[in-house]
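Engineer: Take a look at this one; I'll ask things after.
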Amino acid sequence: MSGYVLLPRLFTAMELDRLRDAVEQVHAAVVSAAEAGQTQLTVWPDGHRLEEIDGTTIHWEPDAPGKAVRSLSPVSGMSPVIDALWTDPRLTRPMAALLSSLPTPMARSLGASSLGPFVAKLNFKRAGVGSEFAWHQDFPYWYGCAGSSAYEIATAIVMLDDNTVANGAMTLVPGSHLGGPARRDPRDPTGLYVDPAAVDESAAVTIEAPAGSVLMFPGLMVHRSAPNRTATDRRSLLFCFQPAGRPELSALTYDAERLASLP
1 MSGYVLLPRL
11 FTAMELDRLR
21 DAVEQVHAAV
31 VSAAEAGQTQ
41 LTVWPDGHRL
51 EEIDGTTIHW
61 EPDAPGKAVR
71 SLSPVSGMSP
81 VIDALWTDPR
91 LTRPMAALLS
101 SLPTPMARSL
111 GASSLGPFVA
121 KLNFKRAGVG
131 SEFAWHQDFP
141 YWYGCAGSSA
151 YEIATAIVML
161 DDNTVANGAM
171 TLVPGSHLGG
181 PARRDPRDPT
191 GLYVDPAAVD
201 ESAAVTIEAP
211 AGSVLMFPGL
221 MVHRSAPNRT
231 ATDRRSLLFC
241 FQPAGRPELS
251 ALTYDAERLA
261 SLP
């Protein structure tokens, strides 16, 4: 069981134009608010800088000249064009099927109507400065926030631009989610990255797909992405789903001490 679903060209060119416009408007609004107002700055143990403004966190590119945004989260409630995708059956139906395939009691009973939001996020790999993301699972951070509920969260990535090897398309290890929480890198000060020695890179697959495609996978999937050194952006909208009725990420607090209970 590979554990991931790739849906090529799910969105039309016209829909993509609207989504790209919405994404750039959100980006501009958040960055403008951060420059004009008082933000809450957090520096993670690995040196990455995060600024929170009006409930949205800006993760800045760590090594880019000037200020380039790596991600914005959460972005729900900032654009009706983006928010509409939470209930779009093109996402909810395959996502319900994916979550139902996971080996958890709650997930096996899910239908499209019983899905709820966990977090919506914008990822940017801007032309020439988009940085790599080392081997990781989304699960450990979510576990630090949501505890065991993190086992029943999965992500749908809407690709707003073509994804290629050259611009840092995601690489994942099919079936890796079945191994549970992976051994984490002892050299990583955040405690969130996977130990590279524990990754079977010979089984890894790089997901190249045209703009408008959607990639879905559970939080335990081991994956990474390379830097974007091309002349064009690679932008992504991420919708992380969970069973309905559970708190969203914005209502939770990350507790690094929870990670001590993982393998």
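Residue numbering for the sequence shown follows UniProt numbering, beginning at 1 and increasing consecutively.
No residue lacks a Cβ here, since even glycine has one placed at the ideal position from N, Cα and C.
Here the structure is a predicted model, which means the values were calculated and not measured.
Which same chain residues end up closer than 7 Å to T42 when comparing Cβ atoms and leaving out the 5 residues on each side of it in sequence?
Structural biologist: Hits under 7 Å: L50.
Engineer: Pick from S225, G144, V214: whose alpha carbon is nearest that of L259?
Structural biologist: If we check each option's Cα against that of L259, G144 comes out closest.
Engineer: Excluding the 5 residues preceding and the 5 following H48 in the sequence, name in chain order all residues of the same chain whose CB lies nearer than 7 Å to its CB.
Structural biologist: So the qualifying residues of the chain are H59, P62.
Engineer: Is the number of C-beta pairs between the segment 85-93 and the segment 146-154 that are closer than 8 Å three or more?
Structural biologist: With the cut-off at 8 Å, the segment 85-93 and the segment 146-154 do not touch.
Engineer: Would you check if the segment 18-37 and the segment 74-84 touch, i.e. whether three or more CB-CB distances between them fall below 8 Å?
Structural biologist: In short, these stretches touch, since the Cβ pair count reaches three.
Engineer: Ordered along the chain, which non-local residues of its own chain (more than five positions away) have a Cβ less than 6 Å from that of A156?
Structural biologist: These residues qualify, in order along the chain: L91, M95, V214, M216, F239.
Engineer: Ignore the nearest five residues each way along the sequence and tell me which others in R234's own chain have a CB closer than 7 Å to its CB.
Structural biologist: Excluding residues within five positions, the ones whose Cβ falls inside 7 Å are K125, G130, D161, N163, N167, G168, N228.
Engineer: Under 7 Å Cβ to Cβ from S236, same chain only, skipping five residues before and after it: list those, please.
Structural biologist: Hits under 7 Å: N123, I157, V158, M159, L160.
Engineer: Tell me which residue opens and which closes the beta strand (DSSP E) that L6 is part of.
Structural biologist: That run of the beta strand (DSSP E) goes 5-7.
Engineer: In terms of residue numbering, what span does the beta strand (DSSP E) encompassing S73 cover?
Structural biologist: It spans 69-73 - the beta strand (DSSP E) in which S73 sits, taken as one unbroken run.
Engineer: Considering only residues of the segment 149-185, which uninterrupted alpha helix (DSSP H) runs meet the minimum length of 4 residues and lie entirely inside it, listed in chain order?
Structural biologist: Here no run is fully enclosed.
Engineer: Name the two residues that bound the continuous alpha helix (DSSP H) containing Q25.
Structural biologist: Where Q25 is concerned, the enclosing alpha helix (DSSP H) stretches over 13-36.
Engineer: Identify the residues that DSSP records as bridge partners of R229: which are they?
Structural biologist: Looking at the DSSP assignment, R229 forms no beta bridge with any residue, so it has no partner.
Engineer: Cutting at 6 Å between CB atoms, please list the residues of its own chain near A231, excluding the five before and the five after it.
Structural biologist: Contacts found: A127.
Engineer: Note down the Cα distance separating M1 from P174, rounded to an integer number of angstroms.
Structural biologist: Taking the straight line from one Cα to the other gives about 8 Å.
Engineer: Let me make sure I understand the geometry here. Which of P189, D200, P243 has the alpha-carbon closest to that of W44?
Structural biologist: The residue with the shortest Cα to Cα distance from W44 is P189.
Engineer: State the start and end residues of the unbroken alpha helix (DSSP H) segment that holds residue 275.
Structural biologist: The question about residue 275 has no answer here: the residues shown for the chain are numbered 1 through 263.
Engineer: Who are the Cβ neighbours of residue 268 in its own chain at under 6 Å, not counting the five residues just before and after it?
Structural biologist: Since the displayed the chain opens at 1 and closes at 263, residue 268 lies outside it and no answer follows.
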